[in-house]
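Visitor: Count along the sequence shown starting at 1, add 3, and that's the number in my numbering. Cβ coordinates follow ideal geometry from the N, Cα and C atoms, glycine included. Can you read through this structure? Questions will come right after.
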Amino acid sequence: MTPDSAPDSASVASDESRESPKEPEKNEHLEGGKLWLVMAGTCLVLFIHFLDGSILSPAIPEITDEFRSLHDIGWYGSAYYIPTTIFQPIAGKAYTHLPTKWSLVGFVLVFEIGSIMCGAASSSTLLILGRVVAGIGGSGLLIGNQTVIAGLAPVDKRPALTAIAMSLAAPGMLLGPVVGGVITQYSTWRWIFYMNVPIGSIALLLLVMTRIPEQTPKPPWKSVVAKLHRYLDIVGCILCAAATTLLLLALNMSGGRLPWGSPLGIAMFVGSGVLFAVFWVWNVRIGDKALIPASVAKQRVVWSGAATLLFSIGATTIQSYFLPLYFQSVRGESALVGALYTLPGLPGQIFFSLMSGFLIGKMGHYLPWALVGTALHTMGCSLLSRFSPTTPAVEWILSQFAAGCGRGMALQSPSIAIQAALPQEQISIASSILTFGMYFGSAMASTAASVTFDNVLQKEVNARIANATVADLVLNDGATTFRQLIAGADLAVALDVYSRSVQMVFLLAAGLSAVSFFFAWGMGAFDVRRKVREKKKPVRSSAQSVVL
């Protein structure tokens, strides 16, 4: 079985990469201490990248208390994911044409600057701005790790190095909520961002003091900078950024600051749609030099895989932001305890991620894992939507565990699918499209969830709380402050109102996960073992794909 509408490989390769990259000479690869110094640096970079994705959620209630910014919850996530999404393809081109070492150092420095801005923020707006800067830096960290590994060792040793990097960095995702809860409870949420500075500084020192071989020969960086406009799709980047930002603004403002159906809201939605249409026409016009090349994106295995990730990661993002809110606001737990209560899904995710990867390699088929995983994830999200102020522990533990098991089974399937179905020279481009879909889904879902929460909360308060003072406290005084200012029957009603609002958000997550189940069918039933056998034959080149 072959992907439908698959173009010739020659037509997919861009002008600057028609000739396959040559494998670096053996003596260019690193060994011994030098190899492990570089690996230590890249693992630290990956660690803070994963940590930053999960560490913020326990601090959100306290941040909303300090800045009185309950309506900005969605932007704390989307402000990071939007630039990470937009700059992902640009980061890939930077690593293709500029020195790997200094490209990675540059992205780490930008990420560190953004972290400092977040820690020093004196308002919700400045915090969001810092998240934007950090997101620009974060766009080059994951793909930078893969590019570095591609030049460190021969192709047969790279999978082992990738596995080592991911296994050492993955605890960042696992420990994020706990570390964030500890910092928030015993210090201040600002150190959630400041702690990236010493870790990143050590990583920068290790990267700067060692030589990092290039995966392929590259021209002098000065000549590349002089022709930078030929390599980067600046117009596409501007169009995509404008369309995405306008759509998120429309979602965030409609139903809250703007009534649904208002002329300004409609204008923003229409403008976003027009910009997306122009962006796609521009992509088709300039071909494979585009930000998202249409010749690769239109293949079913690629767009269905990207859509699967978009909706699955969107549902996951909603859980990461609103589970801590539920435990702290509705259940009254501390930031640390609330963070610990969000962990039941992670062991299942990690276990089934490893298990499914091993069994797919042995059995050859990834589609059953994708289908069962997305279905189980949907079931887990549906169970989350039943959470109330009195939900027993066994229910919220098993619900999160089921959702985590589903994520572990399904989330790596799109990456495996494109590697099984596409020619080698298309895998790198397709991987960047998958990553684009992943971060775009996070940005869209966090904003949509925030809008849903705000609208349901407003509706429930208007219908059930007659006391204007109590209503104002629930709506505007932060996610945990209202518990300290309201008592008795009013508090019971307020908690139920919050609970119903969170339930609708988790119901949105279940809907997104259900959509990912249907898109997963489009990835096809390719046999991974067939591609493995083909790889034993001489091939032109092998591009490193992003590990999801």
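(1) Let's see if you can read the secondary structure: which residues bound the alpha helix (DSSP H) around Phe330?
(2) Can you find a C-beta in chain C that's less than 8 Å from the C-beta of Leu460?
(3) Buried or exposed: which applies to Tyr189, given that a residue is buried once 16 or more other Cβ atoms fall within 10 Å of its Cβ?
(4) Looking at Thr455 and Leu511, is the spacing between their C-beta atoms short of 8 Å?
(5) Use the C-beta contact count for Lys365: other C-beta atoms within 10 angstroms, 16 or more gives buried, fewer gives exposed.
(6) Where do the N-terminal and C-terminal ends of the alpha helix (DSSP H) with Asp493 fall, by residue?
(7) Using alpha carbons as the reference points, say which of Leu294, Val518, Arg410 and Phe390 lies closest to Leu498.
(8) Closer than 7 Å to a non-hydrogen atom of the ligand ZN - does that hold for the CB of Thr213?
(9) Take the Cβ of Asn30 as the centre, count every other Cβ of all protein chains shown within 10 Å, and call the residue buried at 16 or more, exposed below.
(10) Can you say whether Asn199 is buried or exposed, counting buried as having 16 or more other CB atoms within 10 angstroms of its CB?
(11) Using the Cα positions of Phe361 and Ile146, report the straight-line distance between them to the nearest angstrom.
(12) Could you tell me the alpha carbon to alpha carbon distance between Leu267 and Leu251, rounded to whole angstroms?
(13) Below 8 Å on the Cβ atoms is my contact criterion, and I expect Pro347 with Ser502 to pass it. Report the Cβ-Cβ distance as a whole number of Å.
(14) Report yes if the C-beta distance between Phe509 and Ser388 is below 8 Å; otherwise report no.
(15) Please name the residue, chosen from Leu401, Phe272 and Gly341, that lies closest to Ile186 on a Cα-to-Cα basis.
(16) What does the alpha-carbon distance come out to for the pair Gln506 and Ile316?
(17) If you compare alpha carbons, which of Val41, Leu59 and Leu132 is closest to Ser323?
(18) Evaluate Asp7 with the Cβ neighbour count: other Cβ atoms within 10 Å of its Cβ, from every protein chain shown; 16 or more gives buried, anything less gives exposed.
(19) Could you tell me whether the Cβ atoms of Thr438 and Gln91 are closer together than 8 Å?
(20) Distance, Cα to Cα, Pro2 vs Phe404?
(21) On the three-state DSSP scale, how would you describe Tyr84?
(22) Between the alpha carbons of Phe522 and Arg410, how many angstroms are there, rounded?
(23) Determine the direct distance from the alpha carbon of Gly109 to that of Thr88, and round the result to whole angstroms.
(24) In or out: Val211 buried (at least 16 other Cβ within 10 Å) or exposed?
(25) Quick check: the Cα distance between Ser118 and Phe196, rounded to an integer number of angstroms?
(26) By DSSP, does Gln403 sit in helix, in strand, or in coil?
(27) Determine, using beta carbons only, whether Ala406 and Gly440 come nearer to each other than 8 Å.
(28) State the Cα-Cα distance for the pair Ala137 and Ile269, rounded to the nearest angstrom.
(29) Do you know whose CA, among Asp68, His52 and Ile76, lies nearest Phe485's CA?
(30) What does a CB cutoff of less than 7 Å around Phe3 pick up in its chain, not counting 5 residues either side in sequence?
(31) Using CA coordinates, which residue listed in Leu488, Ser359, Cys240 and Val299 is at the minimum distance from Trp285?
(32) Going by DSSP, what residue range makes up the alpha helix (DSSP H) through Ile116?
(33) For Ala469, count the other beta carbons within 10 Å of its own beta carbon; 16 or more makes it buried, fewer makes it exposed. Which is it?
(34) Apart from the five residues just before and just after Thr311, which ones in its own chain have a Cβ nearer than 6 Å to its Cβ?
Guide: Put simply:
(1) For Phe330, no alpha helix (DSSP H) segment is defined, and its DSSP state is neither H nor E.
(2) Although the question refers to chain C, the structure presented lacks it and comprises just one protein chain.
(3) Around the CB of Tyr189, fewer than 16 other CB atoms lie within 10 Å, so the residue is classed as exposed.
(4) Yes, they are a contact pair.
(5) Burial state of Lys365 is exposed, judged by a 10 Å Cβ sphere holding fewer than 16 other Cβ atoms.
(6) That run of the alpha helix (DSSP H) goes Gly491 to Ala523.
(7) For Leu498, the nearest C-alpha among the options comes from Phe390.
(8) Ligands displayed in this structure: none; no statement on the ligand ZN is therefore possible.
(9) With a pLDDT of 45 at Asn30, under the threshold of 50, the modelled position of this residue cannot be trusted; read the value that follows with caution. Taking every protein chain shown into account, the CB of Asn30 has fewer than 16 other CB atoms within 10 angstroms, so this residue is exposed.
(10) The residue is buried, with at least 16 neighbouring Cβ atoms inside 10 Å.
(11) Straight-line measurement puts the Cα of Ile146 at about 23 Å from the Cα of Phe361.
(12) Cα to Cα, Leu267 sits roughly 14 Å from Leu251.
(13) The Cβ separation is near 19 Å, so there is no contact.
(14) Yes, the pair counts as a contact, with Cβ atoms nearer than the cut-off.
(15) Checked all of Leu401, Phe272 and Gly341; the closest Cα to Ile186 is Gly341.
(16) Gln506 and Ile316 have their alpha carbons spaced roughly 19 Å apart.
(17) The residue among Val41, Leu59 and Leu132 with its C-alpha nearest the C-alpha of Ser323 is Leu59.
(18) Any answer about Asp7 is weak, because its pLDDT of 42 lies below 50 and its placement is not dependable; what the coordinates show is given next. With fewer than 16 other Cβ atoms within 10 Å, it is exposed.
(19) Remark: C-beta atoms of Thr438 and Gln91 approach each other more closely than 8 Å.
(20) With the chain running from 4 to 551 in the structure shown, residue 2 is simply not present.
(21) Helix, per DSSP.
(22) So the two alpha carbons sit approximately 15 Å from each other.
(23) Their Cα atoms are separated by approximately 18 Å.
(24) Result: exposed.
(25) Cα to Cα, the separation comes out at about 5 Å.
(26) Gln403: helix per DSSP, three-state reduction.
(27) No, these two residues do not count as a Cβ contact at 8 Å.
(28) Near 31 Å, if we compare the C-alpha coordinates of Ile269 and Ala137.
(29) The option with the nearest alpha carbon to Phe485 is Asp68.
(30) This structure gives no information on residue 3, because the portion of the chain shown stretches from 4 to 551.
(31) The shortest Cα separation from Trp285 among Leu488, Ser359, Cys240 and Val299 belongs to Cys240.
(32) Per DSSP, Ile116 belongs to the alpha helix (DSSP H) from Thr103 to Gly122.
(33) Taking all protein chains in view, the Cβ of Ala469 is surrounded by fewer than 16 other Cβ atoms within 10 Å, so the residue is classified as exposed.
(34) The answer, listed in chain order, is Pro417, Ser519, Phe522 and Ala523.
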